[in-house]
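One structure is given below, encoded as structure tokens.
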Amino acid sequence: LPLRFDWTDKHVVTPVRNQQTCGGCWAFTVVGAVESACAIKGQPLEALSVQQVIDCSYSNYGCNGGSPLNALNWLNKMQVKLVRDSEYPFKAQNGLCRYFSDSHSGFSIKGYSAYDFRDQEDEMAKALFTLGPLIVVVDAVSWQDYLGGIIQHHCSSGEANHAVLVTGFDKTGSTPYWIVRNSWGTSWGIDGCVHVKMGGNICGIAESVSAVFV
Amino acid sequence: PSGRNPPAAFRESLNRHRYLNSVFPGENSTAVYGINQFSYLFPEEFKAIYLRSRPSSFPRFLADAHTSISNVS
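Chains as they are written, first to last, in the working numbering: chain A, 62 to 275; chain B, 728 to 800.
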């Protein structure tokens, strides 16, 4: 594994988005993983519809909350085709699910994996390097005040409450860290991203890790 | 975004920042905390709006049970 690796540098990660006051982080993260997985497979990198996942993922609660695992299960079981964001744009509130004909173009997944990588963050780094950006659910209570730097304290692995996308890692410095893309806009953190120390399951980052296959 | 009492929430945020930045002041490259777009919310208001992902339990990854990922073509 390289000491530093970030899928963003490979131009297969879409820009940071802003969920606004919609509690749909779980949908942003799943869609972000699908966008990257398709781009890694050589398809054009393009923004896919988060609103479609918010409105249609029946085992979730839209802007009132949800779980990436339920969304992945829905995408996989129903073989849903995610349409482009331009066709079904984000509106930061729940809406009625819009259906498209089978002939309508879209992006579906072939499967997904979901593991607890506690005490095995090196294996998690291998998974990121091999499979693409990883969906994780963390305890982000202290992220309310985050401005920059590497989070290594004040971030318990208590109750996981926020879904984000791990796009890379950097082990070149004295404190190795994960590179994490959030969905609170680019004015938060480091251009919309956050660095979380690797090792020690900081913020619970290694407990609920998923990857998609396309 | 602002909640039920933005001035009081902002004061509480300032106090929280002072504490968070004081505990490991000299640590190299450690996180810095301060005023941002969420400083006018109480923690419980922030959580109610932005932290809506639900936890799931995941099976433990067993490296030896998998072909070590690094060997996957």
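No residue lacks a Cβ here, since even glycine has one placed at the ideal position from N, Cα and C.
Residue i beta carbon near the ligand HEM (any heavy atom closer than 6 Å)
i	result
A:Gln104	As far as ligands go, the structure on display features none, and thus does not contain the ligand HEM.
Residue burial classification, residue i (beta-carbon count within 10 angstroms, cutoff 16)
i	result
A:His256	buried
B:Val750	exposed
A:Asp116	buried
B:Tyr767	buried
A:His165	exposed
A:Pro284	With chain A represented from 62 up to 275, any question about residue 284 of chain A goes unanswered, as that position is not in the structure.
A:Gly234	exposed
Other residues of its chain near residue i: CB distance less than 7 Å, five sequence neighbours each side excluded
i	result
B:Arg787	none
A:Leu62	Ala186, Lys187 and Phe190
Neighbourhood of residue i by C-beta, 6 Å cutoff - its chain only, sequence neighbours within 5 removed
i	result
A:Gly219	Asp200
A:Cys46	This structure gives no information on residue 46 of chain A, because the portion of chain A shown stretches from 62 to 275.
A:His223	Cys86, Val199 and Ala201
A:Glu96	Thr75 and Leu109
Chain B within 7 Å of residue i, Cβ atoms only
i	result
A:Tyr176	yes
A:Asp206	yes
A:Leu64	no
A:Glu182	no
A:Ser244	no
Identity of the residues DSSP links to residue i by a beta bridge
i	result
A:Leu226	A:Ile196 and A:Arg242
A:Lys232	Bridge partners of A:Lys232: none, in fact.
Min CB distance residue i to chain A below 7 Å
i	result
B:Leu747	yes
B:Asn755	yes
B:Pro782	yes
B:Phe737	no
B:Arg787	yes
B:Ser800	Because B:Ser800 carries a pLDDT of 41, less than 50, the predicted location of this residue cannot be relied on, and the following value inherits that uncertainty. Not an interface residue.
Close Cβ partners of residue i (< 8 Å) along its chain, the five nearest in sequence each way excluded
i	result
A:Ala94	Gly193, Pro194, Leu195, Ile196, Leu226, Ser271, Ala272 and Val273
A:Ile211	Thr236, Tyr238, His256, Val257 and Lys258
A:Gly260	Glu182 and Pro237
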